[in-house]
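Q:
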Amino acid sequence: IPQSAISTVTLMSGSNPVFGLNTLGGALSIKTKSGHDNPGTEIEMYGGSFGRRSFEAQTGGEFGNFDYFFAGNYFDETGWRDNSPTRVYQGFGKVGWQNDRTDIDLSYTYADTALWGNGAAPESMLDYRRETSYTPDLTANLLSFVNLTGSQFLTDELLLSGNAYQRRLTTGAINSKV
């Protein structure tokens, strides 16, 4: 999820089967922004050393009971060590409908990342050239995630909510450690 699309993050400590079998240490609940609560447009760009370039944009708004929110992020750098570039493309879109008792949202998240992470180098190599790459590793991810959420107040004190999602994550890795 692009950072600019995150509204709140809540840590729920302890094991809770509501969040799945692997929540022994707790679960993070991430709420994304909506056009109803976050109208307007923001754009941010920056650059820096080692070929660092970044671009982030977000926009949101509403038309009556309908709202929309879109955010995107591009990040690229060559890295300070040999063979250590990083590239990130992220996109998020959300459309929704709400009234006093009902809230329905459909969102889509896309991410395409490639990270070269170089391992520790022997001191003898560092003495020669600190930027050298001893054990280059590549991790690449491609994510496509659709999420439909809905909530309905049945009474003033009783809320029914649920979600349905489809997520496809493809991860590729090259590890040169022996």
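Going by the numbering used here, the sequence shown opens with residue 23, and the numbers climb by one from there. Note that beta-carbon positions come from the ideal geometry of N, C-alpha and C, so glycine has one too.
Who are the near neighbours of Arg103 in its chain, counting only those whose CB is closer than 6 Å to its CB and skipping five residues on each side?
A: Asn140, Glu153, Ser155
Q: Can you name the start and end residues of the beta strand (DSSP E) that Asp125 belongs to?
A: 124-140
Q: Are the CB atoms of Phe72 and Ala93 within a distance shorter than 8 Å?
A: no
Q: Could you please give me the residues that DSSP links to Val40 through a beta bridge?
A: In DSSP, Val40 forms no bridge with anything.
Q: Per the contact definition of three or more C-beta pairs closer than 8 Å, is the stretch 172-187 in contact with the stretch 118-127?
A: Yes, the stretch 118-127 touches the stretch 172-187.
Q: Pull the bridge partners of Arg151 from the DSSP assignment, please.
A: Its beta-bridge partners do not exist; DSSP assigns none.
Q: For Arg190, which residues of its own chain have a beta-carbon under 6 Å away from its beta-carbon, when the five flanking residues on both sides are left out?
A: Ser166
Q: To the nearest angstrom, report how far apart Phe97 and Ile23 are at their CA atoms.
A: Phe97 and Ile23 have their C-alpha atoms some 13 Å from each other.
Q: Could you give the C-beta distance for Gly62 and Asp89, rounded to a whole number, given that I count them as a contact under 8 Å?
A: 12 Å between Cβ atoms; not a contact.
Q: Using CA coordinates, which residue listed in Leu50, Ser56, Gly36, Ser35 is at the minimum distance from Ser29?
A: Comparing alpha-carbon positions, the option among Leu50, Ser56, Gly36, Ser35 lying closest to Ser29 turns out to be Ser56.
Q: Since Thr135 and Arg151 are thought to touch, with beta carbons under 8 Å apart, how far apart are those beta carbons, to the nearest angstrom?
A: Not confirmed; about 28 Å, so no contact.
Q: Can you tell me whether Asp127 is buried or exposed? The criterion is at least 16 other CB atoms within 10 Å of its CB, across all chains shown.
A: buried
Q: What is the DSSP secondary structure of Ser166, reduced to helix, strand or coil?
A: strand
Q: Here's a check: name, in chain order, each residue in its chain whose Cβ is nearer than 6 Å to the Cβ of Glu78, leaving out the five neighbours to either side.
A: Short of 6 Å from the beta carbon of Glu78, and not among the five residues preceding or following it, lie these beta carbons of its own chain, in chain order: Ser26, Glu66, Asn95.
Q: What number of angstroms, rounded off, separates the C-alpha of Gly48 from the C-alpha of Phe41?
A: 9 Å
Q: Could you tell me the distance, in whole angstroms, from the CA atom of Ile52 to the CA atom of Gly83?
A: 21 Å
Q: CA-CA distance, Arg75 and Ala162?
A: 19 Å
Q: From Leu43 to Asp59, what does the alpha carbon distance come to, in whole angstroms?
A: 33 Å
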